[in-house]
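As structure tokens, the structure follows; a few thoughts come after it.
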Amino acid sequence: MTSFIIGIITIVAIYCILVLALNIRWGYCGLLDFGVAGFFLIGAYTSAILISAPSESYLFGVRYTVGYGLSWPIGLIAAAVTSGFLAFIIGIPTLRLRGDYLAIVTIGVAEILRYVAINEKWLTRGVQGIRNIARPFESSFPAASLASDIILLVLTLSILALFFIIASRLYISPFGRVLRAIREDEVVTSFLGKPVLSFKMLTFILGGIYMGVAGALFAMYVTAIEPYQFIPTYTFLMWGCLIVGGSGNNWGAILGGALIMGLFVQGTRFLPSVAGQAQLIPALRYIAVGILLIVVLRLRPRGLLPEKAIKTEETQ
Amino acid sequence: MDNSPRLGLGQKRLKNLMIYLGFGIIAGAILALPSVALSLLCRNCKFFNLAYGDQMGLTAYLVLLFNVSMGLNFPASVVLSLIISAILGVIFYWVIFKPLRRHGPLVLLIASLGLAFVIHNTELAIWGPNPQKYNIPFETGLRLGPFIITPIQLAVIGLSFALTGGIFAMLRYTGIGRAMRATADNLELATIRGVDTERAFIWTWIICSATAGLGGVFLALITTLTPWTGFITLLFLFSALILGGVGNLVGALVGAMIIGIVSECAGILSALAPYKIAIAFAIMFLCLLIRPSGILGKERGF
Amino acid sequence: MLKAEGIVKDFGGLRAINHCSIEVEKGSIVGLIGPNGAGKTTLFNVITGMYKPDAGRVFFKGEDITGLRPDQICQKGITRTFQISRELKIMTLLENIMLGFKDQRGEKIIRGILNPASVKEQERRNLERSLEILEAMKLYELRNEPAAILSGGQRKMLELGQALATGPEMLLLDEPTAGATAAETAMVVGFIRRMREEQGLTILIVEHKMEVIMGICDKIIVMSYGEKLMEGSAEEVRQNEQVREAYLGRGA
């Protein structure tokens, strides 16, 4: 039972990192990112490929080996780097354009990454996925043990706390001030001498780094990843969390993540599934989130915890 | 299939290319009608409707409901489903998109994503993830040069182009078409001049939703129908829209044909075969890098 | 100080600016007037980088700044305000002003996160200066309120304050007294004078209120249909036949 609860807190914390990242992109800077699952995927797979034990995969009869068995910090850092780099590549053409274009491009990129994961078996083992992803200190604490779960929980919460602090400090900093200005009126901000594109790009990359690290943590949490875990549904859920919790507010991001991911997705596991319709309960959960998103947008668009106004003198 | 042993390799390749080209034209035709309608919707309502693909899928599933589950004949199922689709479109407008209009296009985008999500999961809940087929008589294909094509596929292509033409005609020659154009060009000015902009919006949603529905049915007839069909088609549609130039209907048509042909022809290289979406997207990505306004588009989008 | 030579700008089939050349001497206050649609705001937009001219060049302090981005032009020393004031409504007045300062170390992402003493120090100094500016504009009490609550005239003042914060050498003001009360107008005029006298700013100002223009401008440039009609002192402009025709024909 303890293990179960620890597990839930860990996965909810991982999702909270994602929502936090989304808040940095959308809540701070107004960047519309519908490709969260893609950054998550790239972080997870990068980490998995690097740290899992070598295993075989076959493509057109040729045998490939996937997995390098490296240690977990390398996995985390590599995940951060690839995800940040992906953000950079996507950002170059799209951050110059209107926000809607970024939305569409990110949706597509996320899906294409998933297709790559499915088809490029030599790299990702395709739909079989990558198994036996090592957890931190696995030699001393085997993956199935309570100790391993606790270690991962501590690691995840530490990273979440660190990311939270970074995000909060950024919000009240002059950098954050420029982001909020960009969000409201890009043109005016530009005329005040701020190179808007650079600010957007840095924000986008930072969000990417967060999401990549979350992906790496996810890979270690589930110890076996496969492409279906990164469908657009998860992007959408993160948006639901952010909108409901309150975009622009980091505590709102955490609250939304905890609320929706904690209750809706994990909590309803306790409901009996309707016989013969395995799809029904999960789909109903998602439908509920979708409707909740629309309702919140209409009735209380700022979410549960609205953005805090800044009293500049107090932050000195 | 080629069963003539005396054809040389070059001619075989050419025949192969022709077949893929044929697939491409069919794909383009299927994309054409929804592309133009989506372009119209986006231009009139000033935001990218991400639920459009799922509106297509939903109608296709409704036809399934009437045709397969309730045993209604195919044409009647289609008509009934189109009517429901149009009504649903207006409901979406009234309940979701009109009240949120004041928040701007980005919030409308988020809301449309939410709607797409709800529709997708409703389909998943009711019908499950497996591909579905309609209750229609099986047809043998006719031979047209190197192609084998069924009467239904021919009908779909023909109807697609005809209805696309119909949309252009409506915009140019009817009163409601003029109202739509005026509303899209300059909402304030149109309102001042006494154009019934609300009516323009409602008819936009009616026409574009019904067209989405028809497009969805065509799609289900020629390819498969799963809860993912709508969303995947959406990606192709937006690639077509951006390639042709956002806000430009002819551009959407051109974009649809190009995307259809190129992504199907990419299947010639077997390594690329599963990546049709990626090809469509790569085209769109390149387009945004080089010429964001698209082939025929104006500089500022809508 | 500022020289625009032979500017041409077309939009689609319409020629908004037709071979217009203007010059603004350092430390002067120059007025730019003309009926609606004469191309005044478009000229501002070309000078400050919002549009690239189809022909012609813009020089600032001898340097060619044609085609630079708006943020680059601001960094060079030219700041502009907008006809319909575009202050950032959700942010507080204080934040609006603080945003304007150039070379803020805290705007670099790493320094922003770490918030070292150098950033704190600079923020403190900017804060003091912002409070001074707000006080001069009689907006000090509202400093922590979102800018959305301001009246039209107050918004213009805030925008002016924001522009001042950028530490410009030249200001391009687009109708700074639009929507302002008589008292506010007088305050703006006073400010403009002070900025020239105390800080040596060069100012180019688009205005429709004749008394404002006639009162403070060393030189007035008149535009009509995208061209420079004439330029001269307030008296010369007032007497000029063509100018009268241009205005009578269309109304200011």
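Chains as they are written, first to last, in the working numbering: chain A, 173 to 488; chain B, 177 to 478; chain C, 130 to 381.
Using N, Cα and C, we set each Cβ at its ideal position, and we do this for glycine too.
This one's a predicted model, so the numbers in the text were calculated from it and none came from an experiment.
Its chain contains L226, A227 and D230 as the residues whose beta carbon lies nearer than 6 Å to that of A292 of chain B, once the 5 sequence neighbours on both sides are disregarded; these appear in chain order. For P473 of chain A, no CB of chain C lies under 9 Å from its own CB, so it is not counted at the interface with that chain. For V271 of chain B, there is no enclosing alpha helix (DSSP H), since its DSSP letter is neither H nor E. With a contact defined as Cβ atoms closer than 8 Å, I302 of chain A and I214 of chain A miss out at about 13 Å. Annotation note: the stretch 238 to 323 of chain C contains the following uninterrupted beta strand (DSSP E) runs of length 3 or greater, listed N- to C-terminal: 299 to 303. The C-beta separation of L131 of chain C from V153 of chain C comes to about 4 Å, placing the pair in contact by the 8 Å criterion. When the five nearest sequence neighbours on each side are left out, the beta carbons in the same chain lying within less than 6 Å of the beta carbon of A306 of chain A are those of I223, in order along the chain. Contact fails between the stretch 255 to 271 of chain B and the stretch 403 to 414 of chain B, because fewer than three Cβ pairs, one in each stretch, are under 8 Å apart. For M359 of chain C, there is no enclosing alpha helix (DSSP H); the enclosing beta strand (DSSP E) covers residues E356 to G361. Separation of the CB atoms of G417 of chain A and F211 of chain A is rounded to 20 Å, and the pair is thereby denied contact status at 8 Å. For F412 of chain B, the enclosing alpha helix (DSSP H) covers residues T405 to G420. Taken in chain order, the complete alpha helix (DSSP H) segments of 4 residues or longer contained in the stretch 398 to 422 of chain A are 404 to 417. Using beta-carbon distances, Y187 of chain A does not count as an interface residue toward chain B, since no partner is under 9 Å. Around the C-beta of K366 of chain A, 16 or more other C-beta atoms lie within 10 Å, and the residue is accordingly described as buried. For D372 of chain B and A355 of chain B, the gap between their C-alpha atoms comes out near 7 Å.
DSSP links D139 of chain C through a beta bridge to C:R144. The three-state reading of DSSP puts F224 of chain B in coil, since its state is none of H, G, I, E or B. The closest CA to that of E250 of chain C, considering only A:N304, A:P346 and A:F260, is found on A:P346. Around Y451 of chain B, the beta-carbon contacts reaching into chain A at under 7 Å are Y287. A133 of chain C is bridged by DSSP to C:I151 and C:V187.
R319 of chain B sits in a strand when the DSSP states are folded into three classes.
Sequence-distant partners of G141 of chain C (beyond 5 residues in either direction) whose C-beta falls short of 7 Å from its own C-beta are missing from its chain. For G380 of chain A, the closest C-alpha among the options A:L452, A:L190 and A:I186 is that of A:L190. Nearest CB-CB separation between V248 of chain C and chain A: below the 9 Å threshold.
L172 of chain C is outside the set of residues whose beta carbon lies under 9 Å from a beta carbon in chain A.
Within its own chain, no residue has a Cβ closer than 6 Å to the Cβ of P245 of chain A once the five positions on either side in sequence are excluded. For the stretch 249 to 266 of chain A, residues whose beta-carbon sits nearer than 8 Å to a beta-carbon of chain B comprise I264, P265 and T266. Q283 of chain C places its beta carbon less than 9 Å from that of L268 of chain C.
Nearest CB-CB separation between V385 of chain A and chain C: not below the 9 Å threshold. The beta carbon of G348 of chain A sits no closer than 9 Å to any beta carbon of chain B. The C-alpha of R272 of chain C is placed about 13 Å away from the C-alpha of R258 of chain C. Residue contact check for T208 of chain C against chain A: a CB pair falls below 9 Å. With a threshold of 16 other beta carbon atoms within 10 Å, S311 of chain A falls short and is exposed. By the Cβ test, the stretch 429 to 439 of chain B is not in contact with the stretch 263 to 273 of chain A, since fewer than three Cβ pairs between them sit closer than 8 Å. Under the three-state reduction of DSSP, K191 of chain B is assigned to helix. Segment contact: the stretch 380 to 399 of chain B against the stretch 235 to 252 of chain B, three or more CB-CB distances shorter than 8 Å; contact assigned.
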